[in-house]
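Just below is one structure, and these are the notes that go with it.
Protein chains: 2
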Amino acid sequence: MTDNARLIYLPLGGAGEIGMNAYVYGYGPEGKERYILVDIGVAFPDMDGQPGVDVIFADVTWLSERRDRLDGIFITHAHEDHVGALGHLWSKLGAPVYCRPFTAIHASRKLEEAGQDPTAIVRICDPWPATYDAGPFKVGFAPISHSIPEASGLVIDTPAGRVVHSGDFKIDHQPIVGEPFDDALWQSIGDAGVLAFICDSTNVFSGHPGRSESQLAEPIAALVASATGMMVATTFASNVARLKTLAEAGRANGRTIVLLGRAMKRMVSAAVESGVLTDFPPVVAPEEATEIPRENLMLLVTGSQGERRAASAALSRGSYLGHELKAGDTFLFSSKTIPGNEVGVARIQNALAEQGVEIVDADAGFYHVSGHANRPDLEKAHGLVRPRILVPNHGEYRHLQRHVRVGEAAGMIGVLAPNGTMVQLDGNAPGPVEHIEAGRIYLDGTAHVGAYDGVIRDRMKLALNGLVVVALVVDEDDAILEDSWVALRGLPEMTDDNADLAELIEDEIAELLPRLDNRTVEDDDKLAEAITRVARQVCQSEIGKRPEVTVMVSRLMA
Amino acid sequence: MTDNARLIYLPLGGAGEIGMNAYVYGYGPEGKERYILVDIGVAFPDMDGQPGVDVIFADVTWLSERRDRLDGIFITHAHEDHVGALGHLWSKLGAPVYCRPFTAIHASRKLEEAGQDPTAIVRICDPWPATYDAGPFKVGFAPISHSIPEASGLVIDTPAGRVVHSGDFKIDHQPIVGEPFDDALWQSIGDAGVLAFICDSTNVFSGHPGRSESQLAEPIAALVASATGMMVATTFASNVARLKTLAEAGRANGRTIVLLGRAMKRMVSAAVESGVLTDFPPVVAPEEATEIPRENLMLLVTGSQGERRAASAALSRGSYLGHELKAGDTFLFSSKTIPGNEVGVARIQNALAEQGVEIVDADAGFYHVSGHANRPDLEKAHGLVRPRILVPNHGEYRHLQRHVRVGEAAGMIGVLAPNGTMVQLDGNAPGPVEHIEAGRIYLDGTAHVGAYDGVIRDRMKLALNGLVVVALVVDEDDAILEDSWVALRGLPEMTDDNADLAELIEDEIAELLPRLDNRTVEDDDKLAEAITRVARQVCQSEIGKRPEVTVMVSRLMA
Numbered sequence: 021m022t023d024n025a026r027l028i029y030l031p032l033g034g035a036g037e038i039g040m041n042a043y044v045y046g047y048g049p050e051g052k053e054r055y056i057l058v059d060i061g062v063a064f065p066d067m068d069g070q071p072g073v074d075v076i077f078a079d080v081t082w083l084s085e086r087r088d089r090l091d092g093i094f095i096t097h098a099h100e101d102h103v104g105a106l107g108h109l110w111s112k113l114g115a116p117v118y119c120r121p122f123t124a125i126h127a128s129r130k131l132e133e134a135g136q137d138p139t140a141i142v143r144i145c146d147p148w149p150a151t152y153d154a155g156p157f158k159v160g161f162a163p164i165s166h167s168i169p170e171a172s173g174l175v176i177d178t179p180a181g182r183v184v185h186s187g188d189f190k191i192d193h194q195p196i197v198g199e200p201f202d203d204a205l206w207q208s209i210g211d212a213g214v215l216a217f218i219c220d221s222t223n224v225f226s227g228h229p230g231r232s233e234s235q236l237a238e239p240i241a242a243l244v245a246s247a248t249g250m251m252v253a254t255t256f257a258s259n260v261a262r263l264k265t266l267a268e269a270g271r272a273n274g275r276t277i278v279l280l281g282r283a284m285k286r287m288v289s290a291a292v293e294s295g296v297l298t299d300f301p302p303v304v305a306p307e308e309a310t311e312i313p314r315e316n317l318m319l320l321v322t323g324s325q326g327e328r329r330a331a332s333a334a335l336s337r338g339s340y341l342g343h344e345l346k347a348g349d350t351f352l353f354s355s356k357t358i359p360g361n362e363v364g365v366a367r368i369q370n371a372l373a374e375q376g377v378e379i380v381d382a383d384a385g386f387y388h389v390s391g392h393a394n395r396p397d398l399e400k401a402h403g404l405v406r407p408r409i410l411v412p413n414h415g416e417y418r419h420l421q422r423h424v425r426v427g428e429a430a431g432m433i434g435v436l437a438p439n440g441t442m443v444q445l446d447g448n449a450p451g452p453v454e455h456i457e458a459g460r461i462y463l464d465g466t467a468h469v470g471a472y473d474g475v476i477r478d479r480m481k482l483a484l485n486g487l488v489v490v491a492l493v494v495d496e497d498d499a500i501l502e503d504s505w506v507a508l509r510g511l512p513e514m515t516d517d518n519a520d521l522a523e524l525i526e527d528e529i530a531e532l533l534p535r536l537d538n539r540t541v542e543d544d545d546k547l548a549e550a551i552t553r554v555a556r557q558v559c560q561s562e563i564g565k566r567p568e569v570t571v572m573v574s575r576l577m578a
Numbered sequence: 021m022t023d024n025a026r027l028i029y030l031p032l033g034g035a036g037e038i039g040m041n042a043y044v045y046g047y048g049p050e051g052k053e054r055y056i057l058v059d060i061g062v063a064f065p066d067m068d069g070q071p072g073v074d075v076i077f078a079d080v081t082w083l084s085e086r087r088d089r090l091d092g093i094f095i096t097h098a099h100e101d102h103v104g105a106l107g108h109l110w111s112k113l114g115a116p117v118y119c120r121p122f123t124a125i126h127a128s129r130k131l132e133e134a135g136q137d138p139t140a141i142v143r144i145c146d147p148w149p150a151t152y153d154a155g156p157f158k159v160g161f162a163p164i165s166h167s168i169p170e171a172s173g174l175v176i177d178t179p180a181g182r183v184v185h186s187g188d189f190k191i192d193h194q195p196i197v198g199e200p201f202d203d204a205l206w207q208s209i210g211d212a213g214v215l216a217f218i219c220d221s222t223n224v225f226s227g228h229p230g231r232s233e234s235q236l237a238e239p240i241a242a243l244v245a246s247a248t249g250m251m252v253a254t255t256f257a258s259n260v261a262r263l264k265t266l267a268e269a270g271r272a273n274g275r276t277i278v279l280l281g282r283a284m285k286r287m288v289s290a291a292v293e294s295g296v297l298t299d300f301p302p303v304v305a306p307e308e309a310t311e312i313p314r315e316n317l318m319l320l321v322t323g324s325q326g327e328r329r330a331a332s333a334a335l336s337r338g339s340y341l342g343h344e345l346k347a348g349d350t351f352l353f354s355s356k357t358i359p360g361n362e363v364g365v366a367r368i369q370n371a372l373a374e375q376g377v378e379i380v381d382a383d384a385g386f387y388h389v390s391g392h393a394n395r396p397d398l399e400k401a402h403g404l405v406r407p408r409i410l411v412p413n414h415g416e417y418r419h420l421q422r423h424v425r426v427g428e429a430a431g432m433i434g435v436l437a438p439n440g441t442m443v444q445l446d447g448n449a450p451g452p453v454e455h456i457e458a459g460r461i462y463l464d465g466t467a468h469v470g471a472y473d474g475v476i477r478d479r480m481k482l483a484l485n486g487l488v489v490v491a492l493v494v495d496e497d498d499a500i501l502e503d504s505w506v507a508l509r510g511l512p513e514m515t516d517d518n519a520d521l522a523e524l525i526e527d528e529i530a531e532l533l534p535r536l537d538n539r540t541v542e543d544d545d546k547l548a549e550a551i552t553r554v555a556r557q558v559c560q561s562e563i564g565k566r567p568e569v570t571v572m573v574s575r576l577m578a
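Chains A and B, in that order, give the protein sequences. Throughout, the working numbering is defined as the position within the first sequence, counted from one, plus 20. Throughout, the working numbering is defined as the position within the second sequence, counted from one, plus 20.
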């Protein structure tokens, strides 16, 4: 072990939210540590907080400034919240990207789509106990069960001891597709002594043991058998095991399988290509399936979260690629609605109900199981890995906090480390040593916008308050010419008394202008301020709102 | 029975959503029916669909145009989604408003706050079998259990037969506050023969029998007994029974009760004033309670749905009226999170977790029961009322549809009647006879804005796309003067290449202007169109977004 070297852990994203995972490990003397990054994912915006934003990812500025000491990026699995930001951020980091073959297909595409060189990807074929060197770290990919093939925990051996990073996982001994959870494997990982376990927290509030993917086969098959019209099912495209279960239920009932939605086709072909998916029933292209009687069809479609542009939403609105739902058809939501998406999912379900479609959701528990470890499963994993320190990751603050308590109750040192908390893992008193400014970056079109830059806040103000635009012209002698002109955006044109709101504002500004002193007229800011005040007063009294105001002063030159 | 008279039912709101209940009944010859309105509630907007809107209510234009034939407005109970629009809409309807005393307190306040005359309220002291005449209708208030005192179903006797309107209800024989569900009463209402039952549908997807409010007393008392620091609990302020259960658990554990939040104080005082609430433990004002040791305090606070301005949110952000939470305090969410509010509630729970507060939610089922009838309870109610026709109301389309099926399975005629569906209830073939344009009105400040007026849609476009404002001046000879000036709202000032976006747009417009022909320059619309195109092109290539554009052309007069 190097003198004065330390082993640190620093979450830049994912420890304070569900999504945008990005975790730094460092080893070396303070200020000279070598780093690896585990995962580089996105979070999804909502109208409530980030209107118009495409995706959100962690601010990696801190790591980017130290990129000469970054020895590798390790991707645990191919979910968007773990790999989705790779294309957007790789150029700021520039290290080799290690992942297993199925994950590599997605990671390569992310780089290609962003115009980056996909040769940065290092395909890892051999799982732990094989390890790969990245600076002072030896990293192995230990297969773990989750809701996507080839999910892996990482075994990170360092001069200061072994760290285990669970990645997202559940304990599933019969996962249908991909490797089962292997108790003996995790026991043996723990046998060597584990300094710290960085562990998924998303389901810590669920008190019952999780259920296996394999438990769904029977109820889904029974449901498909009972369906009379067309059968449609939606789930996360990345849940390849679920797709297989659904497709097999279709095949067993003499139905032809059709994949609808780009992500659905992409995931199945990636899974077949990488060898993780075998024996998937033959599929027919949507356009070719239109002649097949509806009672012999089963559509697997994207959009389980109510996304407006996905196949589920398209079908709920009418015909999509030649397919249209009718009374007597059955639509299965083989999925959980993620908090925040309830309204969007209900919108689709109501539209389907209006078409007379029979809607089956997973509320009763028969048609969906979670991909994350519930509290009893977390406790089981802790018991196999047996770490000195438990550092909960991937969860909101309340999840991390609860998970810390679960660990402490079992005798581990629990460390609560939300984003930006640099934790020293080795030494006598492991715990937080420094706070890094960890932020969120919004991808807005092609621009990277900081969460606190005010750009998105300005947009929300426009949405909440509406906007008055006032244009006026000041001549060479600082005399205000002609009348001002007012345009409204997102405000009613007429007041409740049926007066023209823009004209009322123009009238009040016309009264104001002659009363302004020269110092106000000469100064754009002061002039704008005076006009803004009047425009707001008129709106407040006429429509009870105080809108945003933009004043455009054009000054004529001599 | 009058010749050619018919009995109709017309939902204007509440049959297609959860919220904004408003149901018309009419009796008489076609085109000459006399009407009553049952309930006049609001729905709540969200940023996703109605940014900046205050509340939403049904468009009552159809009824307003026939107000000379409106004989009364009947309010089933005091929840906002049943009475909240009374102040905003009463002047358009102008009929007497019948309600029971506790409800009357709230209804009067609604009228007063809107500057209307509260003497329009008729306080009904005697429940069914007492009835009140409103044109051809004899209406009685039949007490029914729900999550607010004095909830009532309506027994509406007409020359064509009896109609029963359930209002919101559950079957609770021990509701703590207010009247228990009285099987014999509802049996006797049904005994006379019921033509149609218009029945609450919100919980039709819940397959297990509902639970009584009284089942919460023991677990809540045990929780409060185990709390060591300050105890805080939030629930709907209108759930007076819950407030009593919570307060009694506090008193039993030697805690002083403090009500935080305007609605909380208002509801308790209305309940005491109207006599429905007795033996409520004494409360101390927040300001006076600051000296009481925290382990002897129990705060009952508003904001169970994550509302940003309510007491829960204020406490999660820091000190509120002299009270501040600390590690070791306990915060109980004695409530269900309404779909769409999950993110707001999680925000508060995470903020509380950061303060080290122990959060207890109702997920495990110990600390909250629903106020609505689940499917088995609906079936029980159907069996007591025994109608010929079942018309489900208060629910999204999928709820109404499912409820129709439940009724049909039990041998009733089920009628699916979403908002705007006029249903003839009498005659040989009861069912829809006409479709009325039923809309939603947004209260935006003080303005009433139609959902399809485009105003709110424009605001959402601003929020999604941002805005470029371009000002330019055209002189007396149709020559464009000087440079244009560009202002940005909700867009990044700098491009990713660190160029000034507004300047780039100005430059491109400067290149465009000399190339425009006279017909374009002379025409404001054509000029704006040409400039908009250029502004969007620049933004598309520089930041990957196509913003909204407002062009302000000032024309100098000769």
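We treat Cβ as the ideally placed atom computed from N, Cα and C, and that holds for glycine. All of these numbers come straight from a predicted model, not from anything done at the bench.
For residue 130 of chain B, the nearest beta carbon of chain A is not closer than 8 angstroms to its own beta carbon. Approximately 21 angstroms separates the beta-carbon atoms of residue 374 of chain A and residue 342 of chain A; this is outside 8 angstroms, ruling out the contact. Proximity of residue 55 of chain A to chain B, defined by a Cβ-Cβ separation below 8 angstroms, is not satisfied. Per DSSP, residue 76 of chain A is not a residue of any alpha helix (DSSP H); the beta strand (DSSP E) it occupies stretches across 75 to 78. Here DSSP, grouped into helix, strand and coil, assigns residue 219 of chain A to strand. Residue pairing for residue 441 of chain B: DSSP places it in a beta bridge opposite B/455. Residues of the stretch 139 to 171 of chain B that bring their beta carbon within less than 8 angstroms of a beta carbon in chain A are absent altogether.
The beta carbon of residue 293 of chain B sits closer than 8 angstroms to the beta carbons of 125 from its chain, once the five residues preceding and following it are set aside; these are given in chain order. Here DSSP, grouped into helix, strand and coil, assigns residue 126 of chain A to helix. Leaving aside the five residues that flank residue 232 of chain B on each side, the residues in its chain whose CB is nearer than 6 angstroms to its CB run, in chain order, 192 and 194.
Annotated three-state conformation of residue 148 of chain A is coil, per DSSP.
Beta-bridge partners of residue 574 of chain B (DSSP): B/493.
With a contact defined as Cβ atoms closer than 8 angstroms, residue 435 of chain A and residue 426 of chain A miss out at about 13 angstroms. Interface residue (Cβ-Cβ distance to chain A less than 8 angstroms): residue 265 of chain B is not classified as such. Interface with chain A (8 angstroms Cβ-Cβ cutoff): residue 68 of chain B is included. In this chain, the beta strand (DSSP E) harbouring residue 350 of chain A covers 350 to 353. DSSP places residue 91 of chain B inside the beta strand (DSSP E), whose first and last residues are 90 to 94. Where residue 288 of chain B is concerned, there is no enclosing beta strand (DSSP E), although the alpha helix (DSSP H) around it starts and stops at 282 to 293. Counting of Cβ neighbours within 10 angstroms places residue 324 of chain B among the buried residues, the total reaching 16 or more.
Closest option to residue 199 of chain A, judged by alpha-carbon separation, among A/208, A/189 and A/207: A/189.
Among the residues facing chain A, residue 480 of chain B is included, as its CB has a counterpart in that chain under 8 angstroms away.
In terms of beta-carbon proximity, residue 369 of chain B lines the interface with chain A, with at least one pair separated by less than 8 angstroms.
The stretch 379 to 396 of chain B makes no contact with the stretch 331 to 339 of chain A, as fewer than three CB pairs between them are under 8 angstroms. Straight-line spacing of the CA atoms in residue 505 of chain B and residue 569 of chain B works out to 13 angstroms. Annotation: Cβ neighbours of residue 511 of chain A in chain B (cutoff 8 angstroms, chain order): 475.
With fewer than 16 other CB atoms across the displayed protein chains lying within 10 angstroms of its CB, residue 305 of chain A is exposed.
For residue 466 of chain A, a Cβ of chain B is located within less than 8 angstroms of the residue's own Cβ.
Exclusion of the five residues before and after residue 393 of chain A leaves 189, 190, 191, 220, 223, 230 and 401 as the residues of its chain whose Cβ lies within less than 7 angstroms of its Cβ. Sequence-distant partners of residue 564 of chain A (beyond 5 residues in either direction) whose C-beta falls short of 8 angstroms from its own C-beta are missing from its chain.
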